[in-house]
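Protein chains: 2
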Amino acid sequence: MTMANIRDIARLAGYSPATVSRTLNHSGYVSATAAAKIQAVIAQLDYVPNDIARDLSQGRTANVGVVVPHLNAPFFTEIVNGISSAAFAADYNVVLLQSKYDAALERTYLTQLHRKAFDALIFTSRAIPLTELVAAQQYGAVVCCENPGTKPLAAAYSQRETAYLQAFRWLKGQGYQHIALTLSRDATLSATSRATLATFKRVFGCAPAVVETDVTTYQDGYRVATDLAKNTDLDYIFSNGDDIATGIRQGYLDQHRTAPALMGQENQVSGQLLGLPTIDHHFRQIGAAAFDLAATGRVASVPVTADLLLRR
Amino acid sequence: MTMANIRDIARLAGYSPATVSRTLNHSGYVSATAAAKIQAVIAQLDYVPNDIARDLSQGRTANVGVVVPHLNAPFFTEIVNGISSAAFAADYNVVLLQSKYDAALERTYLTQLHRKAFDALIFTSRAIPLTELVAAQQYGAVVCCENPGTKPLAAAYSQRETAYLQAFRWLKGQGYQHIALTLSRDATLSATSRATLATFKRVFGCAPAVVETDVTTYQDGYRVATDLAKNTDLDYIFSNGDDIATGIRQGYLDQHRTAPALMGQENQVSGQLLGLPTIDHHFRQIGAAAFDLAATGRVASVPVTADLLLRR
DNA sequence: TTACCGTGTGGAACGCGTTTCATAGCAAGT
DNA sequence: ACTTGCTATGAAACGCGTTCCACACGGTAA
Chain A
-2 MTMANIRDIA
8 RLAGYSPATV
18 SRTLNHSGYV
28 SATAAAKIQA
38 VIAQLDYVPN
48 DIARDLSQGR
58 TANVGVVVPH
68 LNAPFFTEIV
78 NGISSAAFAA
88 DYNVVLLQSK
98 YDAALERTYL
108 TQLHRKAFDA
118 LIFTSRAIPL
128 TELVAAQQYG
138 AVVCCENPGT
148 KPLAAAYSQR
158 ETAYLQAFRW
168 LKGQGYQHIA
178 LTLSRDATLS
188 ATSRATLATF
198 KRVFGCAPAV
208 VETDVTTYQD
218 GYRVATDLAK
228 NTDLDYIFSN
238 GDDIATGIRQ
248 GYLDQHRTAP
258 ALMGQENQVS
268 GQLLGLPTID
278 HHFRQIGAAA
288 FDLAATGRVA
298 SVPVTADLLL
308 RR
Chain B
-2 MTMANIRDIA
8 RLAGYSPATV
18 SRTLNHSGYV
28 SATAAAKIQA
38 VIAQLDYVPN
48 DIARDLSQGR
58 TANVGVVVPH
68 LNAPFFTEIV
78 NGISSAAFAA
88 DYNVVLLQSK
98 YDAALERTYL
108 TQLHRKAFDA
118 LIFTSRAIPL
128 TELVAAQQYG
138 AVVCCENPGT
148 KPLAAAYSQR
158 ETAYLQAFRW
168 LKGQGYQHIA
178 LTLSRDATLS
188 ATSRATLATF
198 KRVFGCAPAV
208 VETDVTTYQD
218 GYRVATDLAK
228 NTDLDYIFSN
238 GDDIATGIRQ
248 GYLDQHRTAP
258 ALMGQENQVS
268 GQLLGLPTID
278 HHFRQIGAAA
288 FDLAATGRVA
298 SVPVTADLLL
308 RR
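Sequence order for the protein chains is A and B.
Under the numbering used here, the residue at position 155 of the first sequence is numbered 152, and the numbers go up by one with no gaps.
Under the numbering used here, the residue at position 78 of the second sequence is numbered 75, and the numbers go up by one with no gaps.
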């Protein structure tokens, strides 16, 4: 009942394992007669080569690990979509690695890279410092999805600053002055948050009137609306997602208040419904670029331009 | 520069590979002195065992393959979330396999199961007949996410009929008569679609006034609204997703028409926003159950009750 | 003192495909 | 007749961790 292996096939076909291997891989010299006999035995025994053995022999797995905190935000699902389409086209498999922004967990994935469980690792987001990713490159390709600055690390990311600059300038041009921002994570943890705040300051010369952090879902938006509504002079809310913006708006409505004008991000359905301005970061494209870096092992920085969509 | 292996460690520590292996796995007898010396060498060389070799030796990978057509629907992202949380807890990795409902692709994944690339395979949806999945079980655990009927196949799925029955009875009780359904795929392809139609007929004794197929996104909903609006006597639209329902409603609005009453599914943000009735299928829970079946290899049917949410 | 048990350790085989290298037959070129 | 140069094929080593089994040593129960 135990699985047939290449030596079984060789014996039954009257050839050596080497010839069977060549036949399977269409490599080297194999006579037509040998190939035919071997194929016949293979078909008869329903033999397929064992991938693990092949991987061991070749020292690779054709697996890319993709570290995601969770799959509840379009940023992650879209980027994973992009990665997996590209990976599929290149005959790689995508291994989903849930991190929950837990540094210890992220390190276990770096260890798995060291252990050759994957050929490369893509961090869509992270809790550990970039320097650890840089160091891990000795074990295999490592790609991050944010601007790595001067760090020698492969990266594919949204050129957020440009889009934020454009967005904030537009806000300023429209005459908005008392602006609230919502962020997914505190600026001490997130480069995206830092970029948002820095660009805001660059345009307006001051900090936003209000900053809400740890906002990632519709429910979070709904929740912070109570707090935001206390600032009666707010005239704009720049949020970090269309779903979130939608939650904020609903939170205001349920307090019988009218929300200030809102901008979302990610170009989601909820934002389309409300006709909110948004920023499209092209996450699928970023995912595809990240995979490409992972597969080739190139250490390069691939910024992707984000687009401000004002929707008429 | 090539990686150290267990024999290198053994040599440098003055012990045999067997003892090193025992030390690494905390199995069998190892003296404290031996363990200390070996650990020291391991630390010095930054050695970690090679996972591929371990997998080969043990004949397993601790990988579960998850076949998904795409990740654009909450059904799939949620189920993958559920699977990956459970997998993580059990020290398994999740390999994402994109299928695009392509039978040939799905078969390549079955082959990969045969080749031991994964220990088990979960089909969240499929294009190939169930019988092929049944047959593939000889190579490893195979789980589907739909009612397998009498087929001997592990399954975790939403008890859709019950929820649909409840929903349609409620519609009937409310006096609706001219009802349109939207479906993701034609009933010849999708068991879900068949279940929806069959339950409708059971309650209303006739087919729905209109059936729209190939509807899976907000955009699709928006598109079919044009067609639906031609039927001026429609009094209800039962759609296959909240986002879709939202798209339909918007499509009507943009034609300066008022949409009939709508029901969605999946309990999404957009539906919450519009206060639409919906059906929550608890996909995360289904994912977790599917993983459990995959990991244990149990061949059982795990139906999960879906809930009708009428929202006040 | 003999018999037996727990502890500690190593040799060697195992899982299985790939690849290098050597060997050999045979035809074309000189 | 002799060197080249393919075409074919196999033996054996390789990648690397695990595990079975045999072998020791020290102590204890009989």
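Beta carbons: idealized from backbone N, C-alpha and C, even for Gly.
Who pairs with residue i in a beta bridge, going by DSSP?
i                   : result
phenylalanine 120/B : Val64/B, Cys141/B
threonine 302/B     : Gln156/B
tyrosine 233/B      : Ile176/B, Ala258/B
leucine 93/A        : Val63/A, Val91/B
alanine 151/B       : Val140/B
Please report the residue range of the alpha helix (DSSP H) in which residue i lies.
i                   : result
isoleucine 35/A     : 29 to 42
isoleucine 76/A     : 71 to 86
arginine 8/A        : 3 to 10
isoleucine 49/B     : 48 to 55
phenylalanine 280/B : 280 to 293
alanine 15/A        : 14 to 22
glutamine 109/B     : 100 to 111
serine 190/A        : 188 to 201
alanine 114/B       : Careful: alanine 114/B lies outside any alpha helix (DSSP H) and carries neither H nor E.
leucine 307/A       : Neither: leucine 307/A is in no alpha helix (DSSP H) and is coded neither H nor E.
alanine 184/B       : Where alanine 184/B is concerned, there is no enclosing alpha helix (DSSP H), given that its DSSP letter is neither H nor E.
threonine 128/B     : 127 to 133
Closer than 8 Å by beta-carbon distance: list the chain A residues that pair up with residue i, in chain order.
i              : result
alanine 50/B   : Leu53
valine 331/B   : Residue 331/B lies beyond the stretch modelled for chain B, which goes from -2 to 309, so this question has no answer here.
threonine 58/B : Ile49
Going by DSSP, what residue range makes up the beta strand (DSSP E) through residue i?
i                : result
glutamine 265/A  : Segment: none, glutamine 265/A is in no beta strand (DSSP E) and carries neither H nor E.
glutamine 216/B  : Per DSSP, glutamine 216/B belongs to no beta strand (DSSP E); it is in the alpha helix (DSSP H), 215 to 226.
valine 207/A     : 207 to 209
threonine 243/A  : Segment 239 to 251 is the alpha helix (DSSP H) holding threonine 243/A; no beta strand (DSSP E) there.
isoleucine 276/B : 275 to 277
Can you list the residues of chain B that residue i reaches, using a CB-CB cut of under 7 Å?
i                  : result
phenylalanine 85/A : Gln95
valine 17/A        : Here the premise fails: no neighbours, minimum Cβ distance about 15 Å.
glutamine 269/A    : Tyr215
threonine 74/A     : Leu68, Thr74
In chain B, which residues lie less than 8 Å from residue i when you measure between Cβ atoms?
i                : result
serine 82/A      : Gln95
asparagine 22/A  : Within chain B, no residue comes near asparagine 22/A; the closest Cβ sits about 14 Å away, beyond 8 Å.
asparagine 144/A : Per Cβ cutoff of 8 Å: no residues; asparagine 144/A is ~25 Å from chain B at best.
Note down, in chain order, every chain A residue with its Cβ under 7 Å from the Cβ of residue i.
i                : result
histidine 111/B  : Val45
alanine 114/B    : Asp48
valine 266/B     : Tyr215, Asp240, Thr243, Ser267
asparagine 237/B : Those within 7 Å of asparagine 237/B in chain A number zero; the least Cβ separation is about 15 Å.
Using a cut-off of 9 Å between C-beta atoms, extract the partners of residue i located in chain A.
i                : result
asparagine 2/B   : Near asparagine 2/B there are no residues of chain A at all, since even the closest Cβ is about 11 Å away, more than 9 Å.
asparagine 228/B : None at all; the shortest Cβ gap to chain A is about 23 Å.
Residue i touches chain B at which residues, Cβ-Cβ below 9 Å?
i               : result
glutamine 247/A : Gln269, Leu270
threonine 108/A : Val45
Whole-angstrom Cβ separation of residue i and residue j, contact assumed at under 8 Å?
i               : j                   : result
glutamate 209/A : alanine 188/A       : Not a contact, Cβ separation roughly 18 Å.
valine 299/A    : alanine 152/A       : 7 Å
leucine 180/B   : asparagine 237/B    : 6 Å
arginine 157/A  : alanine 192/A       : 5 Å
glycine 137/B   : phenylalanine 115/B : 7 Å
leucine 307/B   : glutamine 247/A     : Actually they do not touch by this definition, with Cβ atoms about 19 Å apart.
alanine 286/A   : valine 301/A        : 7 Å
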